[in-house]
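See structure below.
There are 2 protein chains.
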Amino acid sequence: MKIDKLVGERFKEKPSDCVVDSHALMLRGGYMKGVANGIYSSFMPLRRVTKKIENIIREEMDAIEGQEVQFPVVMPGSLWAESGRYDSIGSELLRFKDRNDIPMVLGMTHEEAAVQLVRDYANSYTKYPFMIYQIQTKFRDEARPRAGLIRVREFTMKDAYSFHTSQEDLERYYAVCYDAYNRIFARCGIPEVVTVQSDSGMMGGSISHEYMLLTAIGEDSIAICKDCDYRANMEAAESIIENKKHEDAKALELVNTPDMHTIEEVCTFLKADVVDSCKAVVYQKNMTDEYVVVFIRGDLDVNETKLTNYLGENIHPAVITEECGLNAGFIGPVGLDTNKFTILYDKSLENTNNLCCGANKVDYHYTGLDISRDIGEVEYLDLAKIIEGGICPKCGKHSISISRGIEVGNIFQLGTKYTKSMGMQYLDSEGNLHYPIMGCYGIGVGRLAASVCEVHHDDYGPIWPMSIAPWQVQLCCLRADDEECKAVSDKFYEQMLADKMEVIYDDRNIRPGAMFSDADLLGVPVRVIVSPRNLKEGVCEIVTRDKEISLKVELDKVIETVKGIIADRLK
Amino acid sequence: MKIDKLVGERFKEKPSDCVVDSHALMLRGGYMKGVANGIYSSFMPLRRVTKKIENIIREEMDAIEGQEVQFPVVMPGSLWAESGRYDSIGSELLRFKDRNDIPMVLGMTHEEAAVQLVRDYANSYTKYPFMIYQIQTKFRDEARPRAGLIRVREFTMKDAYSFHTSQEDLERYYAVCYDAYNRIFARCGIPEVVTVQSDSGMMGGSISHEYMLLTAIGEDSIAICKDCDYRANMEAAESIIENKKHEDAKALELVNTPDMHTIEEVCTFLKADVVDSCKAVVYQKNMTDEYVVVFIRGDLDVNETKLTNYLGENIHPAVITEECGLNAGFIGPVGLDTNKFTILYDKSLENTNNLCCGANKVDYHYTGLDISRDIGEVEYLDLAKIIEGGICPKCGKHSISISRGIEVGNIFQLGTKYTKSMGMQYLDSEGNLHYPIMGCYGIGVGRLAASVCEVHHDDYGPIWPMSIAPWQVQLCCLRADDEECKAVSDKFYEQMLADKMEVIYDDRNIRPGAMFSDADLLGVPVRVIVSPRNLKEGVCEIVTRDKEISLKVELDKVIETVKGIIADRLK
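Those protein sequences? They're chains X and C, same order as listed.
Sequence positions in the first sequence follow this note's numbering and run 1440 to 2010.
Sequence positions in the second sequence follow this note's numbering and run 1440 to 2010.
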């Protein structure tokens, strides 16, 4: 098509509210426009990118025997009540009532719909295994949409659900899907995506992986071992601490610590190492407001995902009132009412002594705490966040490094959470009933597009891989007012269209600088530049957006050369 | 793929709640499953059909310079308030609030979103004309979903919006789109679709057309002239009545009509022709409950769409209370309070006399009414429904016939309704501001699939046209337990896959009857049947679902023959 007809504004200035490059470039390049907080419309260039991504996903899902289906965006609340998620999910699940006052939800994921679709059909072991998937709009009422298409409220997602009669078969298929995902990301131009173990959270199940594109703007933190292949989402990474008791065990002693509220202040005042302190972090359960006190080594932080998973319910940071029985800033394990509060100990406190801790009394702390001696036997849980330089849970070396990443896909072994709660069963060959075992597999299409842009761009625009570029070739007629230049360009355009190349043609009568700025923003991989100066030498220029290729090519070799570059990059 | 892995139930019994064949066949064939009232999930066969329809639509929209974009499903209510539709549309527009209590709507159409997307960009006449379209999920909270995919609440729709600087240019493009629509329906296998003039209703604008597939199960009524090319939706068809006064004019006379409430009862009692009666039909305005009394010839019905358009507001059939001042069953024009009620006269009463009508008094009617004589000069409006055998508004003959049809698409000339209300303007070449003129163009994908099924099926299943069939070929191995039969079938399957044919392979060890029932339900155009009996003769059978072709073909000619049939039918 011709660029002068391309609907969408392109501009130079970085919008002030953009914190990541892909967001700014997609606004500047006329890829999309905001409609509401976290809700966008796509212009043609982005829609062309997302369609190509969708087709790559489709091909790879079909290749592993996926059957494309379609679930509704709007579902009855009663369906989500069957699995229990109508009540258990927070306000990110958008609930409303239809004209007949029937509770409905907007689909943010489709496990319930998948089970509903197949539970009558898949009543015999002979029907298994199978996988169904869809590419469909989803809505998740995020509290804080951010970073353009990286975290939105409405998005297009490929979600797949597989059904199996044994854990072994699920694992076999899970591995197949694992590989298909790697192929999808490689084909979309980001083969560098890594998989990490993750927490399954509200999805249920146990084993799951996230596909992470490592970049500083990612909102996930990933623990990566420098010495072995261990990689895990911070939320899921086990925190390993090696403790030794001090040999000169001290006695428990009450000390006055006036106006000191943080563990750092107390340690400085007492000249103690923060490693020898026992910090209290207090939460409340969302449902009951009951207080949960977590004791943890002073230099570590609580991993709230682990805590939520352990408690089996959602929590929030505590509001400590005067009547609640806790002395904010002075909370410690000694004398704390175990009937009144849920009290948990992190593993970092196991086998320690000579700790300082709050004394549950304003302006007082204890020193010399030894939990086993002063409190007795307690259970030590893994509730801490893994730290930079921490111990790798796999190889045991102090080799953990923390990186940021964007989650571009995830795969889960769901188990029977949904089939059990929703009463889906099949008969085995001996006539016994079982609950099928599920896996689920998601990729956000828009986020993937933005992620590719995030790692493949320069200051002037995206550098799209050939496989998902909005067009393959940008044809620039540098002097539309020059008869020969225009005639040669027009002829190339016709030939390219006839050869089914995806070409966008710029024959506007504008300055070369403006023309190239627009081309940079569209990020088309191959650029063919026709100018009077080059025509004098009987050539024109072929350059690639990524600067890898820059050629002067004789006119009768141009089409062939461009074709070759396209074919080479689609391999 | 192999049919034994195809997810979805196929069954023989017609579901009791199905009133149309396409609904029953799509449930019986494992095409879809209900999730809630008017909300369905699609299994793979239907998704394959809808994807092919979507691609045909895409190709035709791209061919007329459409730019594919994507608007959100969930939009802020404030966007719809800009056009006024947030308030003017009834409860079919699903409104709700997000987690921050912001009013949102589910898109049932996207005029507002289209204007929002382009109003900053299209600020100069040089950017015009252009057309943008999307294929996206929509939600319309229908009071009475019915007939399977014919009238649902959630559906996939292609909606397109064009923008122009003159009415002439809109009309030029409207004609281009008109033709593209005809190509789309022809390519989808229903070239018999006709266009009719329609009422634009809430979309605004004036000229619009509906694409109607004539079938008895359609929910629209269409007036078609048998003598000329006039075709219109009943809602839009002008009602032409030729009246003559009786020569023996009678005087107005009050007569006792005890217990007679309908115009038919009164006419029978008075031995009058119902054509010589003046019937009252009473409505109330939705906003104010004000009464609207329509007087119309006794044998005609009020066209509520015309009435709504005339009044400019929505109405409902009246609830006549004791205090309201109307005597139900005895309402007539003589003495009715014009200050208290909106009183309207249909054209069918113009130039008439000797009418019987209510006397606004219980158990009394008048005879001998002549409105011009007894009431005075009134305005006569076109408020009646056109009738079978009525006068054609175009050729003037008594040649109107009423048919039923399914609306499979529509095109509207919107004018400036949305650009004006939403403040979208452009500068012309002389620096003056104007509102662009819009057209909009819709096709429901699922309804189109169901419509094709509705007119192309037999008792055993759909008969899909090659262009949108879920698969092109169904390969039936009639005796999977026969070694040669299985080997030959397997080899065909491999060859067909290698040749990129879309093949579904049935190699289950089941009775031929069951195999053919399933094949009938899938409606695949070409069937290749491999049986031991035919193999003895060195042939296999090739038949088409529509029974047009039935051949015995030598084994080495099978692939070539099938290819030929497919190519021929895709022409």
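Every residue, glycine too, gets a C-beta built ideally from N, C-alpha and C.
None of the values given here were measured: they were computed from a predicted structure.
Within 10 angstroms of the beta-carbon of residue 1849 of chain C lie 16 or more other beta-carbons, which makes it buried. Cβ atoms of residue 1469 of chain C and residue 1486 of chain C stay farther apart than 8 Å, at about 12 Å. In this structure, the alpha-carbon of residue 1698 of chain C lies about 54 Å from that of residue 1518 of chain C.
Counting every other CB atom within 10 Å of its CB across the protein chains shown gives residue 1799 of chain X a total of 16 or more, marking it as buried. Interface with chain X (8 Å Cβ-Cβ cutoff): residue 1911 of chain C is excluded. Taking 8 Å as the cut-off, the beta carbon of residue 1776 of chain X is found no closer than this to the beta carbon of residue 1792 of chain X. A Cβ-Cβ contact shorter than 8 Å links residue 1442 of chain C with residue 1944 of chain C. Leaving aside the five residues that flank residue 1838 of chain X on each side, the residues in its chain whose CB is nearer than 7 Å to its CB run, in chain order, 1664, 1665, 1666, 1831. The beta carbons of residue 1941 of chain X and residue 1649 of chain X sit about 32 Å from each other, so the pair does not count as a contact at 8 Å.
Counting C-beta pairs closer than 8 Å gives fewer than three between the segment 1736-1755 of chain C and the segment 1684-1694 of chain C, which falls short of the contact rule.
Taken in chain order, the whole beta strand (DSSP E) runs of length 3 or more contained in the segment 1505-1540 of chain C are 1505-1507, 1513-1515, 1534-1536. The C-beta distance from residue 1713 of chain X to residue 1704 of chain X rounds to 11 Å, too long to meet the 8 Å contact threshold.
Residue 1489 of chain X sits away from residue 1953 of chain X, with the two beta carbons spaced by 8 Å or more. The DSSP assignment places 1606-1626 as complete runs of the alpha helix (DSSP H) inside the segment 1562-1626 of chain C, in order along the chain (cut-off: 4 residues). The continuous stretches of beta strand (DSSP E) do not include residue 1898 of chain X, and DSSP gives it neither H nor E.
The Cβ atoms of residue 1794 of chain X and residue 1728 of chain X lie no closer than 8 Å to each other. Cβ contact annotation for residue 1561 of chain X (same chain, cutoff 8 Å, sequence separation greater than five): 1567, 1569, 1602, 1863, 1865, 1875, in chain order. Contact between residue 1746 of chain C and residue 1733 of chain C holds: their C-beta atoms lie close to 7 Å from each other, under 8 Å. In the three-state scheme derived from DSSP, where H, G and I count as helix and E and B as strand, residue 1781 of chain C is classed as strand. For the segment 1866-1887 of chain X, there are no residues whose beta carbon sits under 8 Å from a beta carbon of chain C. For residue 1552 of chain C, the residues of chain X that pass the 9 Å Cβ criterion are 1474, 1480, in the order they occur in the chain. Among the CB atoms of chain C, one or more fall inside 8 Å of the CB of residue 1448 of chain X. Collapsing the DSSP output to three states places residue 1670 of chain X in a strand. In chain order, 1474, 1480, 1481 make up the part of chain X whose C-beta sits under 9 Å from the C-beta of residue 1510 of chain C.
Looking from the CA of residue 1571 of chain C, the closest CA among C:1510, C:1931, C:1584 belongs to C:1510. At a cut-off of 8 Å between beta carbons, residue 1842 of chain C makes no contact with chain X. Residue nearest to residue 1991 of chain X within the set X:1984, X:1985, X:2000 is X:2000 (criterion: CA-CA distance). Closest in alpha carbon position to residue 1599 of chain X, among X:1573, X:1592, X:1584, is X:1573. Below the 7 Å Cβ cutoff, chain C contributes 1537, 1538 as neighbours of residue 1580 of chain X, in chain order.
The Cβ of residue 1498 of chain C sits no closer than 8 Å to any Cβ of chain X. Taking 8 Å as the CB threshold, residue 1708 of chain X stays off the interface with chain C. For the segment 1558-1573 of chain C, the residues whose beta carbon sits under 7 Å from a beta carbon of chain X are, in order, 1559, 1560, 1569, 1571. When 8 Å is used as the limit between beta carbons, residue 1452 of chain X is near no residue of chain C, the shortest such separation being about 14 Å. Listed by position along chain X, the residues whose Cβ is nearer than 9 Å to that of residue 1518 of chain C are 1474, 1475. In the three-state DSSP reduction, residue 1493 of chain X falls in the helix class (H, G or I). Residues of chain X with a Cβ closer than 9 Å to the Cβ of residue 1864 of chain C do not exist; the shortest Cβ-Cβ separation is about 16 Å.
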